[in-house]
Amino acid sequence: MEQRNDSHRPVDVKKIQQLLDANNGARVRTWLGICSRCGLCAESCFFYLAHNRNPRLSPAYKFKATLGELYKRKGRVDWDFLQRCADIVWGECTTCKRCSMFCPFGIDVATLIATTRTILYSQGITPQGLARAVVNYRETGNQMGMSTEDFVDTCEWMAEESQDEVSGVTIPIDKKGAKYMYTVNPREPMFYPQDLAMAAKILTVAEEDWTMPSTGWDCTNLPMFAGDRALAGQVVRNMYEKAVELGVQAILITECGHAYRSALFEGPYLAGYPDGKPPVPIVHSVQLFYEYIRDGRIRIDPAKKLKEPVTYQDPCNVSRNGGLWEEGRKLVQFLAEDFRDMEPNRDHNHCCGGGGGYIPMGPEYKARRMASGRVKAEQIRATGAKIVIAPCHNCFDQLSDLNKEYQLGVKVMSLKEIICELMVIPEKFQPSDEGEGEGEKEA
Amino acid sequence: MQTWYAFLTGPALWVTFIVFLGGLVVRLAFLYGLSRERDRIFYNHMDWKWGFRSILHWLIPWGSASMRLQPVFSAVFILFHVGLLAVPLFLSAHNLLWDRAFGVSLWSMSDAWADALTIMVLGCGVFLFVRRMIRPEVRILTTAWDYSLLALTLAPFVTGFLAYHQWGPYELMMVLHVLSGEILLILIPFTKLGHMVLFFFTRAFIGFEMGARRGARAW
Ligand code: SF4
Ligand code: SF4
Ligand code: SF4
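The listed protein sequences derive, respectively, from chains A and B.
Numbering of the first sequence is given in our numbering, commencing with residue 225 and proceeding in unit increments.
Numbering of the second sequence is given in our numbering, commencing with residue 12 and proceeding in unit increments.
Structure (structure tokens):
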């Protein structure tokens, strides 16, 4: 894969050595030292499985050939070697962490791969799609370079649109002391604003006390995938600090997996919080939606429940790396009559094949992404489902691509979309003619 | 040969034990210090319950999804480790040595059992050798050093077996037996064989990280 092809640039060996040294903690040292080269991890990785068990795609080979080799050569490597590493750490691993559960020593391959990405980034090597996102984050604080004005306008526009279906919908911006500060993936305000509208409808019907921040609203963290740890820390800090400033009780994360992993687990360390805990609790929308329906704050119209067979995609970063697989399952069973689980599932699910920055890395990577997604496509086909629910935008996009590529004939849907279709709108939120009239006057 | 034997079972044995145990202690102490400084994540999310569950599931046969996925390899792998630990510790001849050196002895297994276990270890060792050579995903990871370590691990068993059955020159076999055993013990703290103790730490860590933080089973 193309990274940035000026092979005449000298390698900054000093910088590499600094980073190798800084990361040479007890964990990395022990992992690299005790890997028994037993090969048990190979079977766990979907890249390996999707490519007819190509041994170069086994997790142990990937870290041995990259970070392992960097330590062995004490950082004295050439440009070609770094290019090969880039090919492996971005093109052959989505840092899904499945292999750590299948290694007798629990070696955290994803951490070793992420460390290699950091080292490559220090040499100016990162996939172009991620490099672009990094520039946007620097300039605007979000991956798509959206201005605060555009963002707030989109929110207002979507609140208005929603009033046709649910009266009284608002999207409160920067409301102090709200219970939840709702943060999103910039893909939503930018390309799928109806996602914002759906969230607003659900939160309104549940009579939630919520707000959207005018800054720090991008909960995704592409610099984390690009290998830019400093910027990744800044991105989470923007969000945390905004939440503290607004005095909210918790940060609510949209249907996005990596965002949850970043906000709850990796973010505090990236942002330099010594206890490894975010300053306010982090809640994923899968959890909140589940509670709403369980507690009757949102009622599902039984007549509208999905009749076709439905399966649930456990996003790695919501399920295995987020711990929400049971909530996700129960939620789906509130919505669908015929639920069919994929095999394997829950914390042992396979990555969709589009995580770890794969999708934002851009079209150059698409063919590889489709090839490695074969495992997921086969899992879905085996369930016989007609609808796949994916509570992560990234999985959503990958599954939609896989659906075309492998002609799965399924419909990929988000939870928000289904809840909005199925929920009972209580009388007080039924749009009356009067309400609509008012809305029009205001507009 | 006699003097060699006396030397190896005398001062050299003491040196071996000191290097073996001392080496492990130093490696652990070093890693502990390093983790205090650089791996805060280890202590921030410590949770004994998940740590123990994580260790236990990988100690009981087929207790992990990964082992169940490869049942034959797992069986070999378990038997190999059982033999590796049991034979040297519970062999009656070794127990006599323990008794002479420390005045304590462990439970002794009969020689017939020891013999059978030794053959089992050797059989497993051959399996692992062959597996390294023919399974592509293992071969690609394997270096000459991996083969050497495996050979060194088996050497005390081969020589001990030959000596016990008095096949080949007995005295030479005994010398080689003690020598290879000592080399192996000395290597343990400094190689991947350190997993003998480090296993418990890495497993506990992944238990804290995946289990305590996320509730996910790392087995
Ligand atoms: S983290 Fe996931 S993608 Fe990467 S090597 Fe492990 S199983 Fe494969
Ligand atoms: S399973 Fe673990 S110890 Fe075995 S080769 Fe893979 S990473 Fe190394
Ligand atoms: S899970 Fe997907 S949508 Fe969420 S941040 Fe990662 S790439 Fe973006």
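The beta-carbon is built from N, C-alpha and C at its ideal position, and this holds for glycine as well.
Asked: Under three-state DSSP, which class holds threonine 649 of chain A?; Found: First, the amino acid is wrong: residue 649 of chain A is isoleucine here, not threonine. Looking at isoleucine 649 of chain A - three-state DSSP - the assignment turns out to be coil, as it is neither helix nor strand.
Asked: Give the range of the alpha helix (DSSP H) segment to which phenylalanine 84 of chain B is assigned.; Found: 82–101
Asked: Determine, using beta carbons only, whether asparagine 106 of chain B and glycine 500 of chain A come nearer to each other than 8 Å.; Found: no
Asked: For the segment 300–332 of chain A, list every residue whose C-beta sits within 9 Å of some C-beta in chain B, in sequence order.; Found: Lys321, Ser324, Met325, Phe326, Cys327, Pro328, Phe329, Gly330, Ile331, Asp332
Asked: What do you get for methionine 325 of chain A, buried or exposed, if any count of 16 or more other CB atoms within 10 angstroms of its CB means buried?; Found: buried
Asked: If you draw a straight line from the alpha carbon of lysine 665 of chain A to that of serine 656 of chain A, how long is it in whole angstroms?; Found: Here the model assigns lysine 665 of chain A a pLDDT of 40, short of 50, so the residue's position is not dependable, and the following value carries that caveat. In a straight line, the C-alpha of lysine 665 of chain A is about 14 Å away from that of serine 656 of chain A.
Asked: Flag arginine 64 of chain B as yes if its beta-carbon sits less than 8 Å from any beta-carbon of chain D, otherwise no.; Found: Protein chains A and B are contained in the structure displayed, whereas chain D is not.
Asked: What first and last residue would you give for the alpha helix (DSSP H) that runs through glutamate 602 of chain A?; Found: 598–607
Asked: Counting only C-beta atoms, is asparagine 545 of chain A closer than 8 Å to chain B at any point?; Found: yes
Asked: Proline 410 of chain A and methionine 382 of chain A: beta carbons closer than 8 Å?; Found: no
Asked: For glycine 580 of chain A, decide whether its Cβ has a neighbour in chain B, counting only Cβ atoms nearer than 8 Å.; Found: no
Asked: Got a sec, what are the start and stop residues for the alpha helix (DSSP H) valine 237 of chain A sits in?; Found: 237–246
Asked: Closer than 9 Å, Cβ to any Cβ of chain B: which residues of the segment 236–266 of chain A, in chain order?; Found: Ala246, Asn247, Asn248, Gly249, Ala250, Arg251, Val252, Arg253, Thr254, Trp255, Gly257, Ile258, Cys259, Ser260, Arg261, Cys262, Gly263, Leu264, Cys265, Ala266
Asked: Which runs of the alpha helix (DSSP H) at least 4 residues long sit entirely within the segment 277–346 of chain A? Give them in chain order.; Found: 283–287, 293–296, 303–315, 333–345
Asked: Do threonine 439 of chain A and alanine 483 of chain A have their C-beta atoms within less than 8 Å of each other?; Found: no
Asked: With DSSP run on the structure shown, which of helix, strand or coil describes tyrosine 416 of chain A?; Found: coil
Asked: My output table needs one value for lysine 610 of chain A: the three-state DSSP class, helix, strand or coil.; Found: coil
Asked: In three-state DSSP terms, what is glutamate 220 of chain B?; Found: helix
Asked: Going along the chain, which residues of the segment 197–219 of chain B sit with their C-beta nearer than 9 Å to a C-beta in chain A?; Found: Thr202, Lys203, Leu204, Gly205, His206, Leu209, Phe210, Phe212, Thr213, Arg214, Ala215, Phe216, Ile217, Gly218
Asked: Would you kindly work out how many angstroms separate the C-alpha atoms of phenylalanine 103 of chain B and valine 26 of chain B, rounded to a whole number?; Found: Per the sequence shown, the amino acid found at residue 103 of chain B is serine instead of phenylalanine. In a straight line, the C-alpha of serine 103 of chain B is about 23 Å away from that of valine 26 of chain B.
Asked: Identify whether isoleucine 522 of chain A lies in helix, strand or coil by the three-state DSSP scheme.; Found: coil
Asked: Within 10 angstroms of its Cβ, does arginine 214 of chain B collect 16 or more other Cβ (buried), or is it exposed?; Found: buried
Asked: Could you tell me the alpha carbon to alpha carbon distance between lysine 635 of chain A and valine 534 of chain A, rounded to whole angstroms?; Found: 9 Å
Asked: Work out the CA separation of isoleucine 337 of chain A and alanine 601 of chain A for me, nearest whole Å.; Found: 25 Å
Asked: For ligand 2, any of its heavy atoms closer than 7 Å to the Cβ of glycine 331 of chain A?; Found: Sequence check: residue 331 of chain A is isoleucine here, not glycine. Yes, the Cβ of isoleucine 331 of chain A comes within 7 Å of a heavy atom of ligand 2.
Asked: Report the residues of the segment 142–165 of chain B with a CB closer than 9 Å to any CB of chain A, ordered along the chain.; Found: Arg142, Arg143, Arg146, Pro147, Glu148, Val149, Arg150, Ile151, Leu152, Thr153, Thr154, Asp157
Asked: Taking the alpha carbon of aspartate 157 of chain B as the reference point, which residue from B/Val169, B/Leu139, B/Leu173 has its own alpha carbon closest?; Found: B/Leu139
Asked: Given the structure, does arginine 277 of chain A come close to ligand 1, in the sense that its CB is under 7 Å from one of the ligand's heavy atoms?; Found: no
Asked: Helix, strand or coil for tryptophan 69 of chain B, going by three-state DSSP, please let me know.; Found: helix
Asked: Give a yes or no on whether the minimum CB-CB distance between alanine 284 of chain A and chain B is below 8 Å.; Found: yes
Asked: Could you please tell me which residues of the segment 440–459 of chain A, in chain order, have their CB closer than 8 Å to any CB of chain B?; Found: none
Asked: Given a threshold of 16 other Cβ atoms within 10 Å of its Cβ, counted over all protein chains shown, does histidine 617 of chain A qualify as buried or as exposed?; Found: buried
Asked: So is glutamate 220 of chain B buried or exposed if we call it buried at 16+ other beta carbons inside 10 Å?; Found: buried
Asked: Can you find a C-beta in chain B that's less than 8 Å from the C-beta of lysine 288 of chain A?; Found: yes
Asked: Identify each residue in the segment 572–598 of chain A for which the Cβ-Cβ distance to at least one residue of chain B is less than 8 Å, and report them in chain order.; Found: His572
Asked: Flag arginine 297 of chain A as yes when its Cβ comes closer than 7 Å to any non-hydrogen atom of ligand 2, and as no otherwise.; Found: no
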